[in-house]
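There are 2 protein chains.
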Amino acid sequence: MATPPRSTAFPAEQPQPARRPGGRSARIRAQVLDAVRAQLVEHGYDELTVDAVAARAGVHRTTVYRRWREVGGLLADVLDAAADDDWQPPDTGSLAGDLTAMNREVHTALTTGPPLTTALIAASFRSAEAADALGRFWEDRYGRCEAVVSRATRRGEIPEHTDARRLLIAATAPLFHQLLLLRTAPDLPLAEQTARDAASAAAVGTYAGPPTSSPG
Amino acid sequence: MATPPRSTAFPAEQPQPARRPGGRSARIRAQVLDAVRAQLVEHGYDELTVDAVAARAGVHRTTVYRRWREVGGLLADVLDAAADDDWQPPDTGSLAGDLTAMNREVHTALTTGPPLTTALIAASFRSAEAADALGRFWEDRYGRCEAVVSRATRRGEIPEHTDARRLLIAATAPLFHQLLLLRTAPDLPLAEQTARDAASAAAVGTYAGPPTSSPG
DNA sequence: CCACTAGTGCGACAATAATTGCGTTAATAT
DNA sequence: ATATTAACGCAATTATTGTCGCACTAGTGG
Chain A
0 MATPPRSTAF PAEQPQPARR PGGRSARIRA QVLDAVRAQL VEHGYDELTV
50 DAVAARAGVH RTTVYRRWRE VGGLLADVLD AAADDDWQPP DTGSLAGDLT
100 AMNREVHTAL TTGPPLTTAL IAASFRSAEA ADALGRFWED RYGRCEAVVS
150 RATRRGEIPE HTDARRLLIA ATAPLFHQLL LLRTAPDLPL AEQTARDAAS
200 AAAVGTYAGP PTSSPG
Chain B
0 MATPPRSTAF PAEQPQPARR PGGRSARIRA QVLDAVRAQL VEHGYDELTV
50 DAVAARAGVH RTTVYRRWRE VGGLLADVLD AAADDDWQPP DTGSLAGDLT
100 AMNREVHTAL TTGPPLTTAL IAASFRSAEA ADALGRFWED RYGRCEAVVS
150 RATRRGEIPE HTDARRLLIA ATAPLFHQLL LLRTAPDLPL AEQTARDAAS
200 AAAVGTYAGP PTSSPG
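Heads up: the protein sequence lines correspond to chains A and B, in order. Each step along the first sequence adds one to the number in numbering that gives the first Met the number 0, with nothing skipped, and position 88 is 87. Each step along the second sequence adds one to the number in numbering that gives the first Met the number 0, with nothing skipped, and position 93 is 92.
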């Protein structure tokens, strides 16, 4: 499982027809993905059609259809490309500070500027390919964020065997929930509050230890 | 603000041309909404096209386009129709029990049977009308669930001025997050765990009192 | 019962989205 | 260099989606 294939844009190779990822293919892929991002930024998800992307990339429609099949495939590829950046979770010196900073980032990403994240999520509901890519993306991000929890453990802010993933999700999920599902007005203080709630709950051992058995 | 108009299917009336919600219109609306639900159950959101719904309802395409405009409008109407049921939150005798039961319901709705809820959420990303309807729906549901918190307060399980909405969201959001955004495998124990985590956090006063000021 | 008209059915039409066949370009191997 | 062929560009074609005008049906009020 070392270095999985970067992109799912190329369908599973059965007869293995000797790929050719040399100059042109890679160049066109970059052009198209750039066009997707630009189109998303300027016109939103609704106007993210194959035609518009192709025109913007200076590439023929047919090429896009053949390589990515549909809009969902395009976004999936964008997501996979975004997975190999150098993002690192904040390191403020305290658990509450780190989680708060994280939620501020999320809040910004979801409310200001181009709705890129929102568009990717929207696409994930319509394209299995995009959904898988989004799953991989989250997995990657939450994986990196576990460093926040281990640092807090080292500092003695929270119990030894705190479940990192459980804590991280408790801290961030309410924010996503409010902004994406409940569609309440963006509220930065609330985002910070959520983070602090999770931090203080973790401090008293809420997310520590193995799952206890169900009561009823 | 007593008894808002049941449906948003009819656009805001300016010249007020004397509505006629008598026999036929109501009958057709019922046929179409039934068709939407049935189509959703059998073929999912992808195949929920205006054409398919119209054909299934035994109604002409034009009629659907004229009354609901787009698929989002159809789903918005379905949502509004669902808002006036008699659903009540569970009452098991304990906060943890109630929240756990709630999450079990959510888990069932999101993983088994027709992806109706998922489809509605998917639609909310593409149609402002559906998004608004979904917002109203959640507001209604979380409003009803506040009874769970007030009962727990009366029983002395949690502090007096616990923020009901904050607690409820902390209990349910992680489940939605995992199933809809992270796309992890359905996991009922995890759903129950989440509820217990929120309950125990609330018991030690995590969600009590006014929001504390931000640290950094 | 009759007059009025909101709402529906129908078919033709326009716009957009997606597919296909074929010639051309350019990445690879020799 | 040269041969091979993956990947692309292009134009024509088909499928899908949404709109419009007109005739007709059936609630509604008198």
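The beta carbon of each residue, even a glycine, is placed where N, CA and C say it ideally should be. Just so we're clear, the structure is a prediction, and the values are computed from it rather than from any experiment.
Cutoff 8 Å; reference residue i; Cβ partners in own chain excluding five residues on either side
i, result
"arginine 135 of chain B", "Leu78, Asp79, Ala82"
"threonine 183 of chain B", "Gln177"
"tyrosine 44 of chain A", "Pro114, Thr117, Ala118, Ala121, Ala122"
"arginine 55 of chain B", "Ala34, Ala37, Gln38"
"valine 203 of chain A", "none"
"histidine 42 of chain B", "Ala51"
"leucine 32 of chain A", "Leu73, Asp76, Val77, Ala80"
"arginine 103 of chain A", "Leu187, Ala190, Glu191"
"arginine 143 of chain B", "Trp86, Gln87, Pro88"
"serine 168 of chain B", "Looking at the sequence provided, one finds isoleucine at residue 168 of chain B rather than serine. Around isoleucine 168 of chain B: Tyr141."
Cβ pair residue i, residue j closer than 7 Å
i, j, result
"alanine 146 of chain A", "proline 89 of chain A", "no"
"alanine 129 of chain B", "leucine 166 of chain B", "no"
"valine 105 of chain B", "leucine 189 of chain B", "no"
"leucine 115 of chain A", "leucine 39 of chain A", "yes"
"alanine 132 of chain B", "alanine 75 of chain B", "yes"
"alanine 198 of chain B", "leucine 119 of chain B", "no"
"isoleucine 27 of chain A", "valine 58 of chain A", "yes"
"alanine 100 of chain A", "threonine 110 of chain A", "no"
"leucine 181 of chain B", "tryptophan 86 of chain A", "no"
"alanine 172 of chain B", "alanine 172 of chain A", "yes"
Where residue i sits in the DSSP three-state scheme
i, result
"threonine 48 of chain B", "coil"
"glutamine 38 of chain B", "helix"
"proline 185 of chain A", "coil"
"serine 24 of chain A", "helix"
"glutamine 232 of chain B", "Chain B is shown only over 0 to 215; residue 232 of chain B falls outside these bounds and no answer can be derived."
"alanine 127 of chain B", "helix"
"tryptophan 86 of chain A", "coil"
"threonine 111 of chain A", "coil"
"alanine 202 of chain A", "helix"
"glutamate 191 of chain A", "helix"
"serine 93 of chain A", "coil"
"histidine 106 of chain B", "helix"
"serine 212 of chain B", "Caution is warranted here: a pLDDT of 49 is assigned to serine 212 of chain B, below 50, making its placement in the model unreliable, and the coordinate value is therefore given only provisionally. Three-state result, serine 212 of chain B: coil."
"alanine 197 of chain A", "helix"
"arginine 68 of chain A", "coil"
"aspartate 145 of chain B", "A quick correction: the sequence has glutamate, not aspartate, at residue 145 of chain B. The answer is helix: DSSP assigns glutamate 145 of chain B an H, G or I state."
"glutamate 138 of chain B", "helix"
"valine 63 of chain A", "helix"
"valine 58 of chain B", "coil"
Residues bridged to residue i (per DSSP)
i, result
"alanine 207 of chain B", "B/Thr161"
Own chain residues within Cβ distance below 6 Å of residue i, not counting five before or after
i, result
"glycine 72 of chain A", "Glu128"
"alanine 95 of chain B", "Arg195, Ala198"
"alanine 51 of chain B", "Gln38"
"proline 158 of chain B", "Gly204, Ala207"
"arginine 140 of chain A", "none"
"alanine 170 of chain A", "Leu98, Ala194, Ala197"
"glutamate 191 of chain B", "Thr99"
"aspartate 162 of chain A", "Tyr206"
"glycine 22 of chain B", "none"
"alanine 108 of chain B", "Thr116"
"proline 185 of chain B", "Thr110"
Cβ neighbours of residue i in the same chain (closer than 7 Å, five flanking residues each side left out)
i, result
"histidine 160 of chain B", "Ala207, Gly208"
"arginine 125 of chain A", "Gly71"
"valine 49 of chain A", "Arg60, Val63, Tyr64, Val70"
"alanine 151 of chain A", "Leu94, Ile157"
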